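Residue numbers (this note's numbering): 47 to 371. Yeah, the Cβ is synthetic: ideal placement off N, Cα and C, and Gly gets one too. Keep in mind it's a predicted model, so treat the numbers as computed, not measured.
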């Protein structure tokens, strides 16, 4: 039986030092039917030299080099999707790397569950030297760790309401395999306008159109950088601003499915994060105004969040952890 083709998009910008490891972890996958699309966003390091070493590998279907930086990683995602011809797509970020069984595990699951829009595997956070860090973004509890199958399949809408409403549990694109035919129909404009939270919005949009599979194996190695764009965005308040846009989109689509209490609790979490963020008072004022404008919420939502935290010792009280599927 013919294995479905997987298009692997590797978008790169100034990650020459990690690029060879990334490409090799794709080309050496135990799953063989792949095409690789190499995209460079006008790197100023020696990335192009690394890329040239792979030009004549038959599995490299496209090499595209931008003469000017696009300013958004998500414009590169869109370009890669336009070039892709596979049934499934894997956006393998250039500073990450993967377990060699990543595709052999995720492809059969998407083949089995034809209503699933994407499959997300767990991962390790690694530093720039490749050492595994204590940071655990999977946040698996007992129900995930004791899953008999090693994975779970969720209704997409329920996954949005119970998981993605609180945070981007799908925290790294390198850990996701998804259906190309669904992704190409998404409107990328809002994602492209973002620098931090566009991926959260993208996976939310994908979940609207199908089931979500979570794999409880760590098959991805996600690089953590002290001075990355996302880290810097937290210091300026930009990430919080974009996070509010994503939650606003979820509320727009699913307003009637979210209780007033749950929505206000989520707004209170935003208020708390703004209050505690290491940003200027001017930026805090701007974010408070956006919170009021977008959600009609203010300090009363923060008081509710604090009161809810106090009561959270009671098993019947709503918390993010209890709400998670």
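Three-way DSSP call (helix, strand, coil) for residue i in this model
i, result
"residue 254", "coil"
"residue 50", "coil"
"residue 334", "helix"
"residue 211", "coil"
"residue 72", "helix"
"residue 266", "strand"
"residue 87", "coil"
"residue 370", "coil"
"residue 223", "strand"
"residue 340", "helix"
"residue 58", "strand"
Residue environment, residue i, which counts as buried when at least 16 other CB atoms sit within 10 Å
i, result
"residue 85", "buried"
"residue 54", "buried"
"residue 268", "buried"
"residue 182", "exposed"
"residue 75", "buried"
"residue 368", "exposed"
"residue 352", "exposed"
"residue 169", "buried"
"residue 296", "buried"
"residue 103", "exposed"
"residue 290", "buried"
"residue 307", "exposed"
"residue 114", "exposed"
"residue 240", "buried"
"residue 48", "exposed"
"residue 227", "exposed"
"residue 119", "buried"
"residue 221", "buried"
"residue 372", "With the chain running from 47 to 371 in the structure shown, residue 372 is simply not present."
"residue 188", "exposed"
"residue 96", "buried"
Best match in the options for proximity to residue i [C-alpha to C-alpha]
i, options, result
"residue 101", "205, 89, 66", "66"
"residue 316", "297, 345, 205", "345"
"residue 310", "354, 332, 324", "354"
"residue 214", "188, 179, 251", "251"
"residue 218", "137, 300, 349", "137"
"residue 173", "156, 150, 222, 141", "141"
"residue 77", "97, 134, 56", "134"
"residue 121", "234, 88, 326", "234"
"residue 302", "207, 242, 96", "207"
"residue 166", "361, 113, 283, 154", "154"
"residue 82", "232, 92, 110, 271", "110"
"residue 259", "247, 273, 229, 157", "157"
"residue 299", "195, 160, 211, 337", "211"
"residue 57", "162, 358, 189, 87", "87"
"residue 314", "343, 289, 335", "343"
"residue 32", "293, 324, 263", "Any question about residue 32 goes unanswered here, given that the chain covers just 47 to 371."
"residue 197", "225, 257, 244", "257"
"residue 225", "237, 255, 200", "255"
"residue 321", "340, 305, 281, 201", "281"
"residue 271", "176, 94, 105", "176"
"residue 108", "116, 80, 193", "80"
"residue 243", "284, 264, 69, 201", "284"
"residue 178", "72, 99, 266", "266"
"residue 73", "123, 223, 145, 129", "145"
Cβ-Cβ separation, residue j to residue i (assumed contact under 8 Å), whole Å
i, j, result
"residue 51", "residue 147", "Wrong, their Cβ atoms sit about 18 Å apart, outside the cutoff."
"residue 333", "residue 287", "6 Å"
"residue 364", "residue 205", "Between residue 205 and residue 364 the Cβ distance is about 17 Å, and since that is not below 8 Å, they are no contact."
"residue 127", "residue 230", "6 Å"
8 Å Cβ cutoff, residue i in contact with chain B
i, result
"residue 74", "Absence of chain B from the displayed structure is noted, only one protein chain being present."
* Segments of 4+ residues assigned as alpha helix (DSSP H) that fall wholly inside the region 280-328 -> 284-300, 306-322
* **Whole alpha helix (DSSP H) elements within the region 94-132, 4-residue minimum** => 119-129
* To do: Output the residue ranges of the beta strand (DSSP E) runs that lie fully inside the region 127-200 and measure 3 residues or longer, sorted by chain position.
  => Taking only runs of at least 3 residues, the beta strand (DSSP E) segments lying wholly in the region 127-200 are 134-137, 162-172, 197-200.
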